[in-house]
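Residue numbers (this note's numbering): 15 to 123.
Here's what the structure looks like:
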């Protein structure tokens, strides 16, 4: 098995199991914030830090928003900041469960 094939098998398995998900918060029925390991470097600027993690907002006024990060710690911290900012603008602050509940980061103080 070559490196590309091994990577593809790993990323497929990690996707199916939810292991790529770092944090996931459903803020209401139509608003989901997910931060995950992308699996490849999407950095477009030569010499820049690799961008391996991504936070996306699905639904609401910021649908399609994406922000990318180099490290797990950056991704986790920024996910919390994004969720906090969105919660300030919602009428309800209840967090609804995500598909991968074991990965939900609800330490958003």
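Positions of the beta carbon are idealized from the N, C-alpha and C atoms, including for glycine.
Just how far apart, CA to CA, sit residue i and residue j?
| i | j | result |
| --- | --- | --- |
| residue 39 | residue 58 | 28 angstroms |
| residue 84 | residue 68 | 9 angstroms |
| residue 86 | residue 24 | 18 angstroms |
| residue 54 | residue 101 | 30 angstroms |
I'd like to confirm the pairing. Which residues does DSSP put opposite residue i in its beta bridges?
| i | result |
| --- | --- |
| residue 35 | 50 |
Is it the case that the Cβ atoms of residue i and residue j are separated by a distance below 8 angstroms?
| i | j | result |
| --- | --- | --- |
| residue 73 | residue 46 | yes |
| residue 49 | residue 89 | yes |
| residue 41 | residue 104 | yes |
| residue 93 | residue 37 | yes |
Say yes only if the C-beta of residue i is nearer than 7 angstroms to one or more non-hydrogen atoms of the ligand NAP, and no if none qualify.
| i | result |
| --- | --- |
| residue 38 | For the structure depicted, the ligand NAP is absent and the ligand set is empty, with no information on it obtainable. |
What is the DSSP secondary structure of residue i, counted as helix, strand or coil?
| i | result |
| --- | --- |
| residue 16 | coil |
Exercise. Please go through the stretch 41-115 and give each complete alpha helix (DSSP H) segment of 4 or more residues, from N-terminal end onward.
Key: 86-102
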